[in-house]
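Working notes, structure below.
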Amino acid sequence: MVYVMCAFYSIILFNSVIIGYQKKQLLSVKSFNILIILPAIYWIALLGLQYNTGTDYFEYYRLFKTGNVGLYISKKEYGFVAIVNLIKHFKLDPQFGFIFISTIQVFFFIKFLRNMSFKRIDYFLLVYFCCSTAFINQRKYDCIRRRNCEKYG
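The opening position of the sequence shown corresponds to residue 870 in our numbering, with each subsequent residue numbered one higher.
Below, the structure written as structure tokens:
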């Protein structure tokens, strides 16, 4: 339900506030950046504070906690290794790894929104929130597919 509320909130915000001001050409880039702060914080919190979502959640949690990223160094995934090392170096809670990655994702999503021209941004947002794997709680869908849902309800 939280994902649906996020999608509706985002679509309403963009249609009523941001698109309205852009049509009247009253919205500068600086104003857009200020208006987008609240939904961006919401998106980051929704993505970064999830618990036990996805089939690899605890594996990534363990990586953020232990800093054991030898496999990722050999695969040349230096960005991920840098994130893990930052979390480990500053002795942050492993959940901050998810928050940091969601912050990067939302940052680039906002850059994309700001630089693209859409006739109907509401359709784009609806497709993004409904089809993006970031906003799908995969753990629940895995249990349904495997018919092993006792602990997921």
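By construction, the Cβ of each residue, glycine as well, lies at the ideal position given by its N, Cα and C atoms.
- A straight-line Cα-Cα distance of about 42 Å links Phe927 and Ser897.
- Residue state for Glu928 is assigned as helix, using DSSP reduced to three classes.
- Two segments are said to touch when three or more pairs of C-beta atoms, one from each, lie closer than 8 Å; by this definition the region 870 to 887 touches the region 912 to 919.
- In the structure shown, Asp991 adopts helical secondary structure according to DSSP, grouped into three states.
- By the C-beta density criterion, Ile952 is buried, having at least 16 other C-beta atoms within 10 angstroms.
- If you draw a straight line from the Cα of Ala909 to the Cα of Tyr878, it comes to about 12 Å.
- Using a C-beta cut-off of 8 Å, the region 986 to 998 makes no contact with the region 957 to 969, since fewer than three inter-stretch Cβ pairs fall below that distance.
- Straight-line measurement puts the Cα of Phe959 at about 11 Å from the Cα of Lys934.
- Gly948 and Cys875 have their C-alpha atoms spaced approximately 28 Å apart.
- The DSSP-derived three-state label of Gly948 is helix.
- Excluding the 5 residues flanking it on each side, Ile979 has same chain C-beta neighbours closer than 8 Å at Ile905 and Ala909, in chain order.
- Taking the Cβ atoms as the reference, Pro963 lies roughly 11 Å from Tyr920, outside the contact range of under 8 Å.
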